[in-house]
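These notes concern the structure reproduced below.
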Amino acid sequence: MDSGYLNFKLVKPGLLQSLVYLEETGSTNEYASANKLASDTLVITSIQTNGKGRFGRKWESSPGKNIAMTLVKNFIISIDEIHNVSFYSSLILLKTLQKLCKGYSTDFSLKWPNDVLLNSKKIAGFLLGTKDMSNKEKRIAIGVGVNVNEQNFGEEIRYTATSLFNETRNEFALEDIVISYVTELYSELTLINDCNSLMSQWKSNCAHIGKQVKFRLLVDSEEKCAFVKDILPDGSLKLVSDDGSERCYFSGEISLGIRN
Ligand code: BTN
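Each position in the sequence shown, counted from 1, maps to that position plus 1405 in my numbering.
Next up, the structure:
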């Protein structure tokens, strides 16, 4: 990873306050939570050895092949709007990857609450951490992993995960994706406070609204079939069960296909 180039493109023009490049670290999210970092600091690594995923899962990434980074940023936002940062971050990544992959036959979509899919398989995931919840200005650590040039996926995720390389047979420069994503992220920040527009853009790229899915509330709980009716402005997922009952969920996991 060329951290000098990242500095030149992101810190020098004043977009980021600072960049922490770690050749190797356990988890960029853990680094961000253990260290006092200024707002607008990007922590990025080439080798993440203990990446954290949702539901306490591991996030695996081969050395030098993918993006593993955490952006620490203050937001003036109320507690009940924090989910907007998560929807915003995934929407912007989808738009960035769509632009970078123009010319390839790629179909990017979003899966609740914040996965980015490529050709119906997961290509990126987000794990957000929060601090200073009582302050008007809230510190949010946006952790994102993007499978870029990965070719090896473990048994458990072989059929549900993919990378840009696997879908396009092209190697991408990690720095170009990071620079485009961070630049795009800072260019549309007002969208976070415009819930209607944010959610309508998110939903129009969503892979599963109006579809039958499998849903599980917790990692070990039973999967149930349900129809996805909507995603509400409060970020919850509105499901209709087979018996016709409707319920909203603030967390949980959707599976889209037989093996997804
Ligand atoms: C998910 O399960 O979908 C969330 C994956 C988040 C992975 C990223 S990689 C960079 C950052 N550091 C971590 O330990 N996790 C996040």
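Ideal Cβ placement from N, Cα and C applies to all residues, glycine included. Quantities reported herein were computed from a predicted structural model and do not represent experimental measurements.
In terms of residues, what are the limits of the beta strand (DSSP E) holding residue i?
| i | result |
| --- | --- |
| N1377 | Since the first and last residues shown for the chain are 1406 and 1665, residue 1377 lies out of range. |
| I1545 | 1542-1551 |
| T1430 | 1423-1430 |
| E1651 | 1651-1654 |
| E1658 | 1658-1660 |
| G1534 | 1526-1536 |
Less than 7 Å separating the Cβ of residue i from some heavy atom of the ligand BTN?
| i | result |
| --- | --- |
| D1520 | yes |
| N1434 | yes |
| K1457 | yes |
| A1612 | no |
| A1473 | yes |
| Q1453 | yes |
| F1531 | yes |
| W1464 | yes |
| G1550 | yes |
Name the two residues that bound the continuous alpha helix (DSSP H) containing residue i.
| i | result |
| --- | --- |
| N1487 | Asn is not the amino acid found at residue 1487; the sequence shown has Ile there. Run containing I1487: none; DSSP gives neither H nor E here. |
| I1562 | Counting along the chain, I1562 falls outside any alpha helix (DSSP H), and DSSP gives it neither H nor E. |
| I1597 | From DSSP, I1597 is part of no alpha helix (DSSP H); its letter is neither H nor E. |
| F1570 | 1569-1573 |
| T1433 | 1433-1439 |
How big is the Cα-Cα spacing for residue i and residue j?
| i | j | result |
| --- | --- | --- |
| V1549 | E1651 | 32 Å |
| N1571 | E1555 | 7 Å |
| F1492 | G1530 | 12 Å |
| T1511 | D1625 | 32 Å |
| K1629 | L1623 | 12 Å |
| S1494 | G1458 | 16 Å |
| K1504 | L1421 | 22 Å |
| K1541 | E1589 | 25 Å |
| S1423 | S1514 | 31 Å |
| Y1426 | G1559 | 27 Å |
Could you give the C-beta distance for residue i and residue j, rounded to a whole number, given that I count them as a contact under 8 Å?
| i | j | result |
| --- | --- | --- |
| S1471 | V1553 | Looking at the sequence shown, residue 1471 is not Ser but Asn. That belief holds up - the Cβ atoms of N1471 and V1553 are roughly 5 Å apart, short of 8 Å. |
| I1614 | D1648 | 21 Å between Cβ atoms; not a contact. |
Among the options, whose alpha-carbon lies nearest the alpha-carbon of residue i?
| i | options | result |
| --- | --- | --- |
| W1429 | E1658, S1467, R1462, K1629 | Rather than Trp, the amino acid found at residue 1429 in this sequence is Glu. Nearest of E1658, S1467, R1462, K1629 to E1429, Cα basis: S1467. |
| T1535 | V1477, V1587, N1575 | V1477 |
| L1569 | E1561, L1594, L1502 | L1502 |
| S1451 | L1644, G1469, R1544, K1543 | G1469 |
| K1507 | Y1586, S1432, T1573, V1633 | T1573 |
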